[in-house]
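Quick notes on the structure that follows.
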Amino acid sequence: MRAILKHKKRANASHSAAGNAVSFLILTVMGLFMALPIILSVSNSLKPLEELFVFPPKFLVRNPTTDNFTDLLTLMSESWVPFTRYFFNTIFVTVAGTLGHLLIASMCAFALAKRKFPGAKLIFGIIVTALMFSVQVTAIPNYLIMSKIGWLDTYASLIVPAMAKPLGLFLMKQFMEQIPDALLEAARIDGAREFTVFFRVALPQVKPALLTLVIFCFQDLWNMQGATYIYSEKLKTLPYALSQISAAGISRAGVSAAVTVIMMTVPIILFILCQSNIVETMASSGIKD
Amino acid sequence: MSMIQGKEKAENIKPMQKKKGRQELSEGAGRENEQPLVPMLLAYAKIRRKQLFTEMKKNKSAYLMILPYCLLFLLFYLVPVCISVGLSFTNFNVLEPPEFVGLRNYIDLFFADNIFLTAVKNTFIFAIITGPVGYFMALFIAWMINDIKNRKLRAFMTLLFYAPTISGQAYIIWKFIFSSDLYGIANGWLMRLGIISEPILWFEDASYCMTISIVVILWMSMGTGFLSFIAGLQNVDRSLYEAGYMDGVKNRFQELWYITLPSMKEQLLFGAVMTVTSSFAIHDQLAALAGFPSVKYCVHTVVSHLVDYGTVRLEMGYASAIATLLFVVMIACNKLIQKLLGKVGK
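If you're matching them up, the sequences are chains A and B in order.
Those letters in the first sequence? Residues 164 to 452, by our numbering.
Those letters in the second sequence? Residues 5 to 350, by our numbering.
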């Protein structure tokens, strides 16, 4: 804490010390509001069952135990479809969807950002508007389309729509604008074909944006239950299986807390790994009037 | 099928128009002295069309590159919206073909469906409170985090505020905090302190349900926009601050209004679009916490209503009318905000 205050002293001249103190206070209070529920989730997952139902309730765990996590494993080994199957499904859907999204969205973003061709502005305008579509608006027609093309109850119904997410394309296009034209031109003069220019010259320049797309796409797919499109048990995803376990009520309160912690750990770790890249990408995220 | 037919038709029409244009051109050429304007315009149009065509041909590789994405985008984003608008004028239960009913779904929504009106009211309460509050909270916090000079601490704070958004279904913990029995944190502590004598049924009581839901939504409101703000703030040109200081900027609020915000307008707009979209789409977290449908429809939103008709009652026409309305309101709201943000720093 002392370190922060010391740093504050070097802040801009227009920033008063009192203002800094107030801003630090607000950040602390708000930070606690954000952090406490997360800490409580972790603490709950380590509580033995009798500690979860005690009056008065304890915030932090007294006798931490990993029972909830081992119980989860037992429950899963008893499930109808081997648990590894749910795990595989989620990993497969997440990885395939994310890779596909990276490839087609960055390819399209490259053309939109670095080539001038008739229709480019119109297409990008439509995609910016599509940032405002929420999943629920398109859910019913999407179901109808899936059933028309025979994709219901296949991995494709989860993977393919995620590949066309407008947010990823939008961020990538804005980031690609920064690639110096001279660099691409040099490659073209050397006789490189357009796809080579994209793969060899443009893609290595946008690594931060690629990682950002990974985390956004990963988040969506990792948490996707997909119960609307998938009905065979062996194709169902991890979040779905876990939500079924949690749905069993009070007797599984501990296990369900363990589930929550497992599900949130993975995206948080990924975010920590990619954070600086994400911030760099988001700097170019603006929508121009 | 119909799409393919449409394409063929369009292709048939093009050469016909071209031919017609050529005929008129040759006719016009004969009467060049009397009416020079029409043939000139036609000739110009022809040249333009030819230019466009060569331009498109030149950029063949660009079209090839956008093709995969655009096809999927068309199929899973654009076509669904059109289908949704189309279905909203029909009565459709999936089993039988849709039956055209004109505006009846919309009339029913506003004049015969009290629950929808409750849902609209709730959605607007959520949108008006959590939208602006969440947005300014995100901006304000990003601004304060940006003032922290220690890089590690800054990264930690960013993670801390963003964590609730990326933690999937971590919001479930609020069910434990505001649980209806003695073991919930809120009830337990309030009773221990002697403030209440029996447990409050937080999510089952319509008078508390709304307030708690707003708290939970605000807890999760540091979304994509927040990251965009953090990034925008970091990239404001430092020399602008020094120049502003010379020009008589006295405190941090003047600095924020005259220098910082105007130089990150684009991020502000992006954040606003993200906030509007998410605050009109509130449903999942509330369904998990307050039940679906919630007691006395206390936190029933327009999206809840849409999910109810679309997946439970299977009245797809009616559900599509709700989706269409939601879509129109969201676009209108975004346009309005775009206008408002034009005034920043003036």
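Built from N, CA and C at the ideal position, the CB exists for glycine as well.
When 417/A, 263/A and 296/A are compared against residue 228/A, the one with the closest alpha-carbon
Start at 1 with the first residue of the first sequence, and residue 228/A comes out as number 65. Across the set 417/A, 263/A and 296/A, the C-alpha of 417/A shows the shortest separation from the C-alpha of residue 228/A.
Extent of the continuous alpha helix (DSSP H) to which residue 206/B belongs
Looking up residue 206/B in the second sequence gives position 202. Per DSSP, residue 206/B belongs to no alpha helix (DSSP H) and is neither H nor E.
Of all Cβ atoms in chain B, is any one closer than 9 Å to the Cβ of residue 296/A?
The residue given as residue 296/A occupies position 133 in the first sequence. Residue 296/A counts as touching chain B.
What residues of chain B sit near residue 278/A, judged by a beta carbon separation below 7 Å?
The residue labelled residue 278/A in the question sits at position 115 within the first sequence. Listed along the chain, the chain B residues whose CB falls inside 7 Å of the CB of residue 278/A are 63 and 66.
Same chain, Cβ closer than 8 Å to residue 302/B, five either side skipped, listed in chain order:
Counting from 1 along the second sequence, the entry for residue 302/B is found at position 298. Answer for residue 302/B: 126, 210, 213, 214 and 294, listed in chain order.
Tell me the DSSP secondary structure of residue 97/B in three-state form.
Looking up residue 97/B in the second sequence gives position 93. DSSP places residue 97/B in coil when its eight states are reduced to three.
Tell me whether residue 344/A is buried or exposed, calling it buried when 16 or more other Cβ atoms sit within 10 Å of its Cβ.
Taking the first residue of the first sequence as 1, we reach residue 344/A at position 181. Answer is exposed; the Cβ neighbour count stays below 16.
What does the Cβ neighbour count give for residue 329/A, buried or exposed, with the cut at 16 atoms within 10 Å?
Counting from 1 along the first sequence, the entry for residue 329/A is found at position 166. Its Cβ being crowded by 16 or more others within 10 Å, residue 329/A is buried.
With contact counted as at least three CB pairs below 8 Å, one residue from each stretch, are the stretch 331–350 of chain A and the stretch 274–285 of chain A in contact?
yes
Determine which residues of the stretch 196–216 of chain B have a Cβ less than 8 Å from any Cβ of chain A, and write them out in chain order.
Residues 196.
Taking only heavy atoms of the ligand ADP into account, decide whether any of them is closer than 8 Å to the Cβ of residue 304/B.
Annotation note on the ligand ADP: not contained in the displayed structure, which lists no ligands.
Pull up the DSSP beta-bridge partners for residue 104/B, would you.
Along the second sequence, one-based indexing puts residue 104/B at 100. Bridge partners of residue 104/B: 94/B.
In angstroms with no decimal places, state the Cα-to-Cα distance between residue 382/A and residue 298/B.
Looking up residue 382/A in the first sequence gives position 219. Looking up residue 298/B in the second sequence gives position 294. Cα-Cα distance, rounded: 27 Å.
Please specify which runs of the alpha helix (DSSP H), each continuous and at least 4 residues long, are wholly inside the stretch 284–324 of chain B, giving them in chain order.
The alpha helix (DSSP H) runs lying completely inside the stretch 284–324 of chain B and spanning 4 residues or more are 288–294 and 306–311, given in chain order.
With a 10 Å radius around its C-beta and 16 neighbouring C-beta atoms as the bar for buried, classify residue 55/B as buried or exposed.
As a position in the second sequence, residue 55/B is number 51, starting the count at 1. Exposed is the call here.
Straight-line CA distance for residue 259/A to residue 205/B?
In the first sequence, counting from the first residue as 1, residue 259/A sits at position 96. In the second sequence, counting from the first residue as 1, residue 205/B sits at position 201. Their Cα atoms are separated by approximately 44 Å.
Contact residues within the stretch 440–452 of chain A, judged by C-beta distance below 9 Å to chain B:
For chain B, the residues of the stretch 440–452 of chain A that bring a beta carbon within less than 9 Å of one of its beta carbons are 441, 442, 443, 444, 445, 446, 447, 448, 449, 450, 451 and 452, in chain order.
Please identify, using Cβ separations under 8 Å, the residues of the stretch 274–298 of chain B that lie next to chain A, in order along the chain.
274, 277, 278, 280, 281, 282, 284, 285 and 287
9 Å is my cut-off, CB to CB: does residue 301/B come that close to chain A?
The residue given as residue 301/B occupies position 297 in the second sequence. So no, residue 301/B is outside the interface.
Less than 9 Å between the C-beta atoms of residue 77/B and residue 332/A, yes or no?
Numbered from its first residue, the second sequence carries residue 77/B at position 73. Numbered from its first residue, the first sequence carries residue 332/A at position 169. The answer is yes: Cβ separation under 9 Å.
Less than 9 Å between the C-beta atoms of residue 281/B and residue 230/B, yes or no?
In the second sequence, counting from the first residue as 1, residue 281/B sits at position 277. In the second sequence, counting from the first residue as 1, residue 230/B sits at position 226. Not in contact: residue 281/B and residue 230/B (Cβ atoms no closer than 9 Å).
With a threshold of 16 other CB atoms inside 10 Å of the CB of residue 393/A, please say whether the residue is buried or exposed.
Against the first sequence, residue 393/A aligns to sequence position 230. Label assigned to residue 393/A: buried.
If we define contact as Cβ-Cβ less than 9 Å, is residue 356/A a contact residue for chain B?
In the first sequence, counting from the first residue as 1, residue 356/A sits at position 193. So, interface residue.
Grab the span of the alpha helix (DSSP H) containing residue 293/A for me, first residue to last.
The count along the first sequence starts at 1 and reaches residue 293/A at position 130. Unbroken alpha helix (DSSP H) run through residue 293/A: 283–293.
Which residues, taken in chain order from the stretch 250–284 of chain A, show a beta carbon closer than 7 Å to some beta carbon of chain B?
267, 268, 270, 271, 273, 274, 275, 278, 280 and 281
Use the C-beta contact count for residue 35/B: other C-beta atoms within 10 angstroms, 16 or more gives buried, fewer gives exposed.
For the purposes of this step, residue 35/B is identified with residue 31 of the second sequence, where counting begins at 1. Caution is warranted here: a pLDDT of 48 is assigned to residue 35/B, below 50, making its placement in the model unreliable, and the coordinate value is therefore given only provisionally. By the 10 Å Cβ count, residue 35/B comes out exposed.
Which complete alpha helix (DSSP H) runs does the stretch 241–286 of chain B hold, if anything under 4 residues is left out?
242–250, 256–259 and 269–284
Residue 224/A at chain B interface by Cβ criterion, 9 Å
Position 61 of the first sequence holds residue 224/A. No, its Cβ sits nowhere closer than 9 Å to a Cβ of chain B.
Which one of 426/A, 273/A, 267/A and 415/A has the shortest CA to CA distance from residue 215/A?
Locating residue 215/A in the first sequence gives position 52, where the first residue counts as 1. Looking at the Cα atoms, 415/A is the closest of the given residues.
The alpha helix (DSSP H) that contains residue 303/A, what's its start and end?
By one-based count along the first sequence, residue 303/A stands at place 140. Residue 303/A -> alpha helix (DSSP H) spans 298–311.
With contact counted as at least three CB pairs below 8 Å, one residue from each stretch, are the stretch 233–245 of chain A and the stretch 284–301 of chain A in contact?
Counting Cβ pairs under 8 Å, fewer than three are found: no touch.
Please classify residue 56/B: does DSSP put it in a helix, a strand, or coil?
For this step, residue 56/B is matched to residue 52 along the second sequence. In the three-state reduction of the DSSP assignment, residue 56/B falls in the helix class.
Could you list the residues in the stretch 157–169 of chain B with a C-beta less than 8 Å from some C-beta on chain A, going in chain order?
157, 159, 161, 162, 163, 164, 165, 166, 167 and 168
Spell out a yes or no on whether the stretch 59–75 of chain B and the stretch 310–320 of chain A are touching, meaning 3 or more CB-CB pairs, one atom from each, closer than 8 Å.
The answer is no - the stretch 310–320 of chain A does not touch the stretch 59–75 of chain B, with fewer than three Cβ pairs under 8 Å.
Please tell me whether residue 450/A and residue 270/B are closer than 9 Å, where the distance is taken between their beta carbons.
The residue labelled residue 450/A in the question sits at position 287 within the first sequence. The residue labelled residue 270/B in the question sits at position 266 within the second sequence. It is a contact, given that the beta carbons lie within the stated cut-off.
Between the CA atoms of residue 273/A and residue 43/B - distance to the nearest angstrom
Residue 43/B sits at position 39 when you count from the first residue of the second sequence. Residue 273/A sits at position 110 when you count from the first residue of the first sequence. Roughly 40 Å between the two C-alpha positions.
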